[in-house]
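S.K.: Quick note: the sequence shown uses the working numbering, first residue 2, plus one each step.
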Amino acid sequence: MSVARQYHTASILANGKVLVAGGENGSSYFNSAELYDPSTGTWTNTGNMSVTRSAYRASILVNGKVLVVGGQNSAGMLNSAELYDPSTGTWTTTGNMNNARNNFQTATLGNGKVLVIGGYNDASTFLNSVELYDSSTGTWTTTGIMNVARQYHTGTILTNGKVLVAGGQSSSGCINSAELYNPLTGIWTATGSMNVAREYHTASLLTNGYVLVTGGQNSAGQVNSSELYNPSTGNWSITAKMNVTRFYHTASILASGKVLVSGGIGSSGVAVNSAELYQ
2 MSVARQYHTA SILANGKVLV AGGENGSSYF NSAELYDPST GTWTNTGNMS
52 VTRSAYRASI LVNGKVLVVG GQNSAGMLNS AELYDPSTGT WTTTGNMNNA
102 RNNFQTATLG NGKVLVIGGY NDASTFLNSV ELYDSSTGTW TTTGIMNVAR
152 QYHTGTILTN GKVLVAGGQS SSGCINSAEL YNPLTGIWTA TGSMNVAREY
202 HTASLLTNGY VLVTGGQNSA GQVNSSELYN PSTGNWSITA KMNVTRFYHT
252 ASILASGKVL VSGGIGSSGV AVNSAELYQ
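Shown next as structure tokens:
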């Protein structure tokens with residue numbers, strides 16, 4: 002990349018290129034964006050976002066555009082949102098969220114709307130508020146609130162269309178609770194709690210419909226445990242531990258159905274370059 006950055010986003014576009022935007026380097030926030038072309042292995046600059054932002058989220062819309070929303074910069078938390086058009090390489094502003102937030106999660110629903118879930122705000126408040134973005138109107142509407150306000154959680158769309166939120170951090174510390182959002186009713190209901198409280202973990206939808214949660218950290222430190230959520234029963238079961246303790250890592254579903262876990266911060270508090278496969 003032309004700019005070293007963290008807390009940015011990376012989005013795979015319909016043309017196969019990867020859009021990387023925003024982030025920070027510990028002293029400055031960025032609004033710059035660049036494109037990676039896997040066919041040439043090269044990076045090129047593209048249009049800048051209208052504002053700098055870090056710790057935000059990016060979602061691919063059904064029309065191929067990229068929605069970026071929220072986060073933070075030197076002015077504080079953001080409620081602004083903007084759209085990247087891959088055909089022109091330019092950004093345009095769209096409707097603002099009702100609540101400024103960072104450290105939230107997003108999920109693109111089957112109807113094409115984008116669900117923004119929880120997070121944290123400038124008043125040092127954990128949020129249970131949830132909003133929906135309608136790309137056809139460029140507007141946000143509030144929907145049902147979560148039972149537990151949280152940040153650093155995961156959000157996973159299940160095969161039945163519901164959204165599973167698990168773990169994270171609340172006012173009471175790291176939590177193991179989980180809940181389900183029903184897009185048809187806009188209501189959240191509690192489901193089984195994880196065996197281990199965790200934040201900064203990953204959640205991956207497996208080919209069998211189960212959700213694999215890996216790693217993270219809690220009050221006892223970093224964890225290498227993993228567990229599986231069964232949507233049919235609403236229960237969690239312990240599965241194989243990772244070989245390396247890690248949080249702030251990534252998990253990718255491969256074409257084979259295996260899950261590639263890579264990087265993150267290890268038990269010594271230092272970034273690790275190891276990777277491992279779950280099968």
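Every residue, glycine too, gets a C-beta built ideally from N, C-alpha and C. Since we're looking at a predicted model, the values are computed, not measured.
What's the call for G258, buried or exposed, on a 16-neighbour Cβ count within 10 Å?
M.R.: exposed
S.K.: Tell me which same chain residues have a C-beta within less than 7 Å of the C-beta of I13, skipping the five on either side of it?
M.R.: V19
S.K.: Between G77 and N161, what straight-line distance do the alpha-carbon atoms span, to the nearest angstrom?
M.R.: 37 Å
S.K.: Taking all protein chains shown into account, decide if V1 is buried (16 or more other Cβ within 10 angstroms of its Cβ) or exposed.
M.R.: Outside the shown range of the chain (2 to 280) lies residue 1, about which nothing can therefore be said.
S.K.: Between R58 and L79, which are expected to be in contact by the criterion C-beta below 8 Å, what is the C-beta distance as a whole number of angstroms?
M.R.: Separation of the CB atoms of R58 and L79 is rounded to 11 Å, and the pair is thereby denied contact status at 8 Å.
S.K.: Would you kindly work out how many angstroms separate the C-alpha atoms of M98 and T142, rounded to a whole number?
M.R.: So the alpha carbons of these two residues sit roughly 8 Å apart.
S.K.: Kindly confirm or deny that the stretch 205–218 and the stretch 131–145 touch, where touching means at least three C-beta pairs closer than 8 Å.
M.R.: no
S.K.: Three-state secondary structure (DSSP) at M2?
M.R.: coil
S.K.: Give a yes or no on whether 8 Å exceeds the smallest Cβ distance from N104 to chain C.
M.R.: Protein chain content of the structure displayed is limited to a single chain, and chain C is not contained in it.
S.K.: Cβ of G216 within 8 Å of Cβ of M195?
M.R.: no
S.K.: Measure the Cβ-Cβ separation of G113 and S81 and say whether it is below 8 Å.
M.R.: Cβ distance not < 8 Å, so G113 and S81 don't count as in contact.
S.K.: Contact defined as beta carbons within less than 8 Å: I believe R151 pairs with G111. What is the distance between those atoms, to the nearest angstrom?
M.R.: Going by Cβ atoms, the distance from R151 to G111 rounds to 24 Å, so no, they are not a contact pair.
S.K.: Run through DSSP, which three-state label would Q280 get?
M.R.: coil
S.K.: Can you tell me where the beta strand (DSSP E) holding Q106 begins and where it ends?
M.R.: Q106 to T109
S.K.: Pop quiz: N148 and W92 are said to be a contact at Cβ under 8 Å. What is the actual Cβ separation, rounded to whole angstroms?
M.R.: About 36 Å; that fails the 8 Å criterion.
S.K.: Once DSSP output is grouped into helix, strand and coil, what is the label at F248?
M.R.: strand
S.K.: In chain order, what residues of the same chain have a beta carbon less than 8 Å from the beta carbon of N231, not counting five sequence neighbours either side?
M.R.: Y211, W237 and S238
S.K.: Would you kindly report the start and end of the unbroken beta strand (DSSP E) that includes N231?
M.R.: Segment S227 to N231, the beta strand (DSSP E) holding N231.
S.K.: Considering S120, what are the terminal residues of the beta strand (DSSP E) in which it resides?
M.R.: The sequence given here places Gly at residue 120; Ser does not occur at that position. First-last of the beta strand (DSSP E) with G120: V115 to Y121.
S.K.: Which value, in whole angstroms, describes the spacing of the CA atoms of N225 and Y249?
M.R.: 12 Å
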